[in-house]
Amino acid sequence: MSSDADVDPSEYEALADADVTMRQNEHGLHIADDEETGVSSQGQTPEEALANLAAAVEGYMDATDDDPGDDWL
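Take 34 as the starting number for the sequence shown in this note's numbering and just add one per residue.
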């Protein structure tokens, strides 16, 4: 992970092996990018951006899962 912030993406299961880049935009928002999936998220703090990214990556993984989820049929 490249960042000036002191946050650890491995604290989140969805980001355990992720290559996360942290940056701050001109408005002061912190942006976290998952380089593998291309998913990004933001927050007021680096920690919030990372937590939001973990949730977004989790949603991305659920949406792109090949399992049709129809085992009950």
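Every residue, glycine too, gets a C-beta built ideally from N, C-alpha and C.
Beta-carbon proximity of residue i to residue j, cut-off 8 angstroms
{"i": "valine 40", "j": "glutamate 91", "result": "no"}
{"i": "tyrosine 93", "j": "threonine 78", "result": "no"}
Residue i classed as buried or exposed, judged by whether at least 16 other C-beta atoms fall within 10 angstroms
{"i": "aspartate 50", "result": "exposed"}
{"i": "aspartate 67", "result": "buried"}
{"i": "methionine 55", "result": "buried"}
{"i": "serine 74", "result": "buried"}
C-alpha gap between residue i and residue j, whole angstroms
{"i": "glutamine 57", "j": "histidine 63", "result": "4 angstroms"}
{"i": "leucine 83", "j": "aspartate 52", "result": "12 angstroms"}
{"i": "leucine 48", "j": "proline 42", "result": "6 angstroms"}
{"i": "aspartate 95", "j": "glutamate 44", "result": "19 angstroms"}
{"i": "glutamine 87", "j": "glycine 76", "result": "The sequence as given places alanine at residue 87; glutamine does not occur at that position. Looking at the two C-alpha atoms, the distance is approximately 12 angstroms."}
Bridge partner(s) assigned by DSSP for residue i
{"i": "alanine 65", "result": "Met55, Ser74"}
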